[in-house]
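Q: Got a structure here, written out as structure tokens. Questions coming.
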Amino acid sequence: ILIVETTDKYEIIIDVNNTELTAQIRDYFEKIGNNNKYTVSYDKNGGTGEKIEEQEIRKGFSIKLKENTYTKTNYEFVGWSENKNGEGEIYQAGSKYTPSKDTTLYAIWKQDVVTIEFNANAGEDPVEGTMEKIAVPKNTNTTIPVNAYEREGYSFIKWNTKEDGTGTDYENGATINTDKDIVLYAQ
């Protein structure tokens, strides 16, 4: 005689010598077992790559979330979310997750950006005009805005990546492509 306790606290006594009863009990547990599982699937959410294999988990148990293998140009993977737009909790790859139903987790992406800052390079001299720093996608051709600074007694010539003018030069409206934050100094 074998006593089995289910999650519903029912006890079933099985006579292991009765093969017909054993088969019926096995079929019953397989049937309720399939109803007590959740499937977690992974959505690229605009990314590319081969589909990440779904995971099955019994109700009430946790899984370790899969590592992201998807990519998205000029975006960085942030984590997994139950919401396509990333609202709510973001779950990190490799962390524990306990689903409450069949769930699709969406890859959440953050645009990989760099900032371009503009410096009037006037020291203590007064300067008219302002220029806001801009955020642009990393490694993407970006047009530099036209200089808005005015300094009495000086004419703007170009932008440069170094304050003393020994860096890389850029004209007004030129194209810049960078993979890091940068400051452009008026010359």
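Taking the numbering used here, I'd label the letters of the sequence shown as residues 236 to 422. No residue lacks a Cβ here, since even glycine has one placed at the ideal position from N, Cα and C.
Going by Cα to Cα distance, which pick from VAL275, PHE312, SER330 and ALA355 is closest to PHE391?
A: To locate residue 391, count along the sequence shown from 1; it is residue 156. The shortest Cα separation from PHE391 among VAL275, PHE312, SER330 and ALA355 belongs to ALA355.
Q: GLY364 and ALA342 look like a contact to me (Cβ under 8 Å); what is the Cβ gap, rounded to whole Å?
A: As a working note, residue 364 is residue 129 in the sequence shown. As a working note, residue 342 is residue 107 in the sequence shown. About 42 Å separates the two Cβ atoms, so there is no contact after all.
Q: Excluding sequence positions up to five away, which residues of its chain have a Cβ less than 6 Å from the Cβ of ILE379?
A: Walking along the sequence shown from the start, residue 379 turns up at place 144. Answer for ILE379: TYR405, ALA409 and ILE411, listed in chain order.
Q: Quick one: what's got a C-beta closer than 7 Å to LYS345's C-beta in the same chain, skipping five residues either side?
A: Position 110 of the sequence shown, counting from 1, holds the residue named residue 345. Hits under 7 Å: TYR310, GLU311 and VAL313.
Q: Three-state secondary structure (DSSP) at GLY402?
A: Here residue 402 is taken as the residue at index 167 of the sequence shown, counted from 1. Three-state DSSP puts GLY402 in coil, outside helix and strand.
Q: Residues in the same chain with beta-carbon distance under 6 Å from THR327, minus the five sequence neighbours each way, listed in chain order, please.
A: Within the sequence shown, numbered from 1, the residue matching residue 327 stands at position 92. It is worth fixing the name first, because residue 327 is Gln in this sequence and not Thr. Cβ neighbours of GLN327 beyond the five flanking positions: GLY314.
Q: When DSSP builds the beta bridges, which residues end up paired with GLY329?
A: On the sequence shown, residue 329 is found 94 positions in, with the first residue counted as 1. Answer is none; GLY329 lacks a bridge partner.
Q: Just to check my reading of the structure: SER297 and LYS331 have Cβ atoms closer than 8 Å, yes? What is that Cβ distance to the nearest angstrom?
A: Stepping through the sequence shown from its first residue, residue 297 is reached at position 62. Stepping through the sequence shown from its first residue, residue 331 is reached at position 96. SER297 to LYS331, Cβ: 4 Å. Contact.
Q: Could you check if VAL381 is buried or exposed, using at least 16 other CB atoms within 10 Å of its CB as the buried criterion?
A: Position 146 of the sequence shown, counting from 1, holds the residue named residue 381. Exposed is the call here.
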